[in-house]
Amino acid sequence: MSTKTQDSIRRPRADALRNRERVMEAAKIVFSAGGPEASLEAVARQAGVGIGTLYRHFPTREDLFEAVYRREVEQLSELAEQLKAEASPTEALRRWLRSTVQFVATKKGMMAALAIVMNANSELAAYSYGHLTAAIGALLKRAVDASEVRADVNADDLLRALIGMCYMHDQPGWQDSVLRLLDVFVDGLRVTK
């Protein structure tokens, strides 16, 4: 391999990786609060980087939306793995569903932009659906195998119910209502012994 080729595939510098992470964290905050019209300049300011740094990592607003979305989907997948080791099967399922409500809450300010990205990128929709279904499916299977919840529901059923609960509510305080409904829903899944 030539030196030029080796240089072109060199890993990003540590400061560049830190800047990318700071931009993504800032974007999550700014876009969630300000919706799809929130400026990239506000993101750069929140991250403490120049606008040029933001554009080097994310050439378009859609690239930034997609990166933030993918990272949060991955974090939900990781949470499912962590919960399998830390909590009882039903409580692990409940805690993951509750965390997903927070994920949805941060996306409500980004819904218009995410819809554009999702429609233009069916791979992203398949990616997120696959990861979320696998995460909730593993938690559900564990709870069913432990005879703690009914076996006649599947991961699609749970996601559909969760999404329906989250998107039916867009008034202030909607999260508290959804969290209460989730508790009722999960309790309704329990096997009575």
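For the record, in the sequence shown the residue sitting at position 84 is 72 according to our numbering, with numbers rising by one throughout. Even for Gly, the Cβ is constructed at its ideal location relative to N, Cα and C.
Under the three-state DSSP convention, the category residue 179 falls into: Counting from 1 along the sequence shown, the entry for residue 179 is found at position 191. DSSP places residue 179 in coil when its eight states are reduced to three.
Close beta carbons around residue 36, own chain, < 7 Å, minus the five adjacent residues each side: As a position in the sequence shown, residue 36 is number 48, starting the count at 1. 10, listed in sequence order.
DSSP three-state assignment for residue 141, whether helix, strand or coil: Stepping through the sequence shown from its first residue, residue 141 is reached at position 153. DSSP places residue 141 in the coil class of the three-state scheme, outside both helix and strand.
The alpha helix (DSSP H) enclosing residue 41, as first and last residue numbers: If you number the sequence shown from 1, residue 41 lands on position 53. Start and end: 39 to 45.
Within 7 Å, strictly: CB atoms of residue 138 and residue 81: Locating residue 138 in the sequence shown gives position 150, where the first residue counts as 1. Locating residue 81 in the sequence shown gives position 93, where the first residue counts as 1. Cβ atoms of residue 138 and residue 81: not closer than 7 Å.
Backbone CA spacing between residue 49 and residue 160 [nearest angstrom]: Residue numbering aside, residue 49 sits at position 61 when the sequence shown is read from its first letter. Residue numbering aside, residue 160 sits at position 172 when the sequence shown is read from its first letter. Their Cα atoms are separated by approximately 27 Å.
Option nearest residue 12 by Cα separation, candidates 57, 135, 134: Indexing the sequence shown from 1 puts residue 12 at position 24. Ranking 57, 135, 134 by Cα distance to residue 12 puts 57 first.
Status (buried if at least 16 other CB within 10 Å, exposed otherwise) for residue 114: For this step, residue 114 is matched to residue 126 along the sequence shown. By the 16-neighbour rule on beta-carbons within 10 angstroms, residue 114 is exposed.
Exposure label - residue 180; buried when at least 16 CB within 10 Å: Locating residue 180 in the sequence shown gives position 192, where the first residue counts as 1. Result: exposed.
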